[in-house]
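Written out below as structure tokens is the structure these notes cover.
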Amino acid sequence: MIEIDDLRFSIAGRRIFDGLNLRIASGTVTAIMGPSGTGKTTLLRMITGQLRPGSGSVRVDGREVPALDRAGLYDLRRHIGMLFQNSALLTDDTVFDNVAFPLREHTRLPERLIRTVVLTKLHAVGLRGAARLMPSELSGGMARRVALARAMALDPDLLLYDEPFAGLDPISLGMILRLIKVNNDVLGVTSVVVSHDVEQISRIADYCYVVSGGRVIGEGTPEQLRHSDSALIQQFMSGAADGPVPFHYPASPYRDELLGGRS
Amino acid sequence: MGRLAQIGRRLAQAIRKLGSVVLFLLTMLQAMPYALRRPRLVTVQIHNAGVLSLVIIMTSGFFVGMVVGLQGYDAFSRLRQEDLLGAAAALSLIKELGPVVTALLFAGRAGTALTAEIGLMKATDQLSAMEVMAIDPMGRIVAPRFLGGLIAVPFLTAIFNSVGILGAYFVGVQLMGVDNGAFWSQMQEYVDSGDIREGIIKSLAFGGAASLVAVFEGYTADRTAEGVGLATTRTVVVTSVLVLILDYMITSFLL
Ligand SMILES: Nc1ncnc2c1ncn2[C@@H]1O[C@H](COP(=O)(O)OP(=O)(O)O)[C@@H](O)[C@H]1O
Ligand SMILES: [Mg+2]
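So the sequences go chain by chain: A and B.
Take the position in the first sequence, starting the count at 1, then add 72; the result is the number in our numbering.
Take the position in the second sequence, starting the count at 1, then add 150; the result is the number in our numbering.
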């Protein structure tokens, strides 16, 4: 479904990707893990064609994304749903209208049918009763579930989840985990889940990539990664603060700096 | 040498900014058909811009009109030409004060609101989310707001002018005792369609400039609270300067 080859990309003078390669098979749940700031969100924006790579290839469904024109991009995006980390609901519209938005834009369904679809999607995330609320009246977890209902509205073939577990209460978290699984198992949606939450992601991922320093430093099933002999991956999987990825940002010796700043 | 380099850098920056505004405008024009096919999106924005600015426009219009009435009366009574007050007040309002002051008030009230709204939508990924949903935020969000402002400003200017003339009438005729008949008949005598056309051209140009600046600043704001705040300030500053420059250019061109 997604093939990324030798991806290189810099922004504001900083190298984000430095020869990244990965494959995401149709119908799987693939996790992309890595510390904050490694470019996971950036990678998703490359897949949706919102950012163009400096060089390298990003193919989705056989189409070379950076080479698509606007019409081609919009056509591709109709088959992609994305869950944003901060939900990104339209603040002026009700929950119902938010979920109805892509349907009204991209289909000619009569309002009666749109209502049926929207209520079905909201029911799936447990929020049919919240249809008339405004986004400002929702908790973070509820907003993310509404955003998921919206991302599912057009029955996409590919769903991208950006940090779906971050900052959720345990109940919302359990629901999101289950929904990702159901979307994948029942509807056959290919799922890409970006997260630094190793524990949660291991529960649902078929395959994982660990990204750090602009490239893939490890890959495999969650089980394989847990037993990896790479110290880097061990550090990441066990969540140790210090290791090959140092706890400290490079700095002059602590003692010198405290004693007068001769550095 | 350092001074010169600095000036050069500033100039390059300004040109780059101008270039990005032009590019932005072209992209927005491309997205216009989407907005025009959904007139409801535009009427909502006309309504928003109008409602936001109406009270301030009417209040300011009345007071500006009263000042014009007072100053005009003072000047004309020295020349013993009080009867011309109506004509002078109407001309200065229709040709200058109405379009300029309305545009400045619009920028402060509705323009800043537009910038903050779009900037916040960007900062909260709402615009990104639309793009991923294959909906162009230029067509859906930006173009209707630009059109709303462009259309609202001439109407607001007309309201400003009308209320302003009432203000001048109130001071001139009711307080200072200018002859009621002369006030209105001299106005009819001296204000011709060319003056009104000048006012309309200006209000369209200012409305376009104010709306363009407002949506541009919002769309290009940094995705932070500080970025949106700065963009809002820039909307007021840039629009004010731009309106005054345009005013001179249009006036010198039309007179
Ligand atoms: N528009 C931008 N300008 C400058 N730097 C950016 C921009 N967008 C992202 N970055 C940088 O790129 C890096 C990767 O960002 P991101 O993809 O959001 O990381 P992640 O999602 O893995 O936390 C970050 O260090 C961020 O500072
Ligand atoms: Mg991120």
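Just so you know, even glycine gets a beta-carbon here, dropped at the ideal spot from N, CA and C.
Cα-Cα separation between Phe89(A) and Met283(B), rounded to whole angstroms
25 Å
Based on the DSSP secondary-structure assignment, which residues constitute the bridge partners of Phe81(A)?
Phe89(A)
Per DSSP, what kind of secondary structure is Ser335(A) in: helix, strand or coil?
Bear in mind that a pLDDT of 45 at Ser335(A), under 50, signals an unreliable position, so the number given afterwards is only what the model happens to contain. Reduced to three states, the DSSP call for Ser335(A) is coil.
Top-ranked residue by Cα proximity to Glu295(A), from Ile305(A), Gly286(A), Leu191(A), Arg287(A):
Ile305(A)
Could you check which residue in Val205(B), Ser353(B), Leu234(B) has the C-alpha nearest to that of Ser471(B)?
Since the displayed chain B opens at 151 and closes at 405, residue 471(B) lies outside it and no answer follows.
Interface residues of chain A facing Ser335(B) [CB-CB closer than 9 Å]
None at all; the shortest Cβ gap to chain A is about 50 Å.
Just checking my contact of Gly286(A) with Arg87(A) at CB under 8 Å: how many whole Å lie between their CB atoms?
6 Å
For the alpha helix (DSSP H) containing Tyr319(B), list its first residue and its last residue.
293-319
Mapping the DSSP letters down to three states, classify Asp234(A) as helix, strand or coil.
strand
Option nearest Gln276(B) by Cα separation, candidates Asp165(A), Leu230(A), Thr192(A), Met214(A):
Asp165(A)
Quick check: Val214(B) and Val172(B), are their CB atoms within less than 9 Å of each other?
no
Anything in chain B within Cβ reach of Leu162(A), meaning under 9 Å, just list it in chain order.
Met271, Gln276, Ala279, Met280
What did DSSP end up calling Tyr326(A) once you bin it into helix, strand or coil?
helix
If the criterion is Cβ atoms closer than 9 Å, does the pair Tyr233(A) and Val264(A) meet it?
yes
Per-residue contacts from Ile285(B) into chain A (C-beta, under 7 Å):
Glu177
Is it the case that the stretch 358-376 of chain B contacts the stretch 337-344 of chain B, given that we only count it when at least three CB pairs across the two stretches are under 8 Å?
no
Is the beta carbon of Thr113(A) within less than 8 Å of some heavy atom of ligand 1?
yes
Roughly how many whole angstroms lie between the Cα atoms of Leu205(A) and Ile291(B)?
22 Å
Would DSSP call Ser353(B) helix, strand or coil?
helix
Residues in the stretch 112-145 of chain A with C-beta within 7 Å of chain B's C-beta atoms, listed in sequence order?
Thr120, Gln122
Given that a residue counts as buried once 16 or more other Cβ atoms are within 10 Å of its Cβ, and exposed if not, what is Asn330(B)?
exposed
Cβ of Gly153(A) within 9 Å of any chain B Cβ
yes
Across the stretch 221-240 of chain B and the stretch 307-322 of chain B, are there enough close Cβ pairs to call them in contact, namely three or more that are closer than 8 Å?
yes
Met206(A) by DSSP, collapsed to three states: which one?
coil
Considering only the beta carbon of each residue, do Val313(B) and Phe212(B) sit closer than 9 Å?
yes
Does the distance from the CB of Glu75(A) to the CB of Ile96(A) come in under 9 Å?
yes
Tell me, please, which residues DSSP counts as bridged to Tyr279(A).
Thr102(A)
Taking the straight line between their C-alpha atoms, what separation do you get for Asp286(B) and Leu241(B)?
44 Å
Cα-Cα separation between Phe403(B) and Arg166(B), rounded to whole angstroms
27 Å
Helix, strand or coil: how does DSSP classify Met73(A) here?
coil
Cβ neighbours of Leu255(B) in the same chain (closer than 7 Å, five flanking residues each side left out)
Ser203, Ile206, Ile207, Ser210
Thinking C-beta only, is Ser244(A) closer than 9 Å to Met31(A)?
This structure leaves residue 31(A) out entirely; chain A is present only between 73 and 335.
Check whether Val190(A) and Leu175(A) have beta carbons under 9 Å apart:
yes
Taking the continuous beta strand (DSSP E) assigned at Ile289(A), which residues delimit it?
287-292
Kindly say whether Gln157(A), judged by its beta-carbon, lies nearer than 9 Å to any beta-carbon of chain B.
yes
Taking only beta carbons into account, state which residues of the stretch 174-203 of chain A come closer than 8 Å to chain C, listed in chain order.
In summary, chain C is missing from the structure at hand, where the protein chains are A and B.
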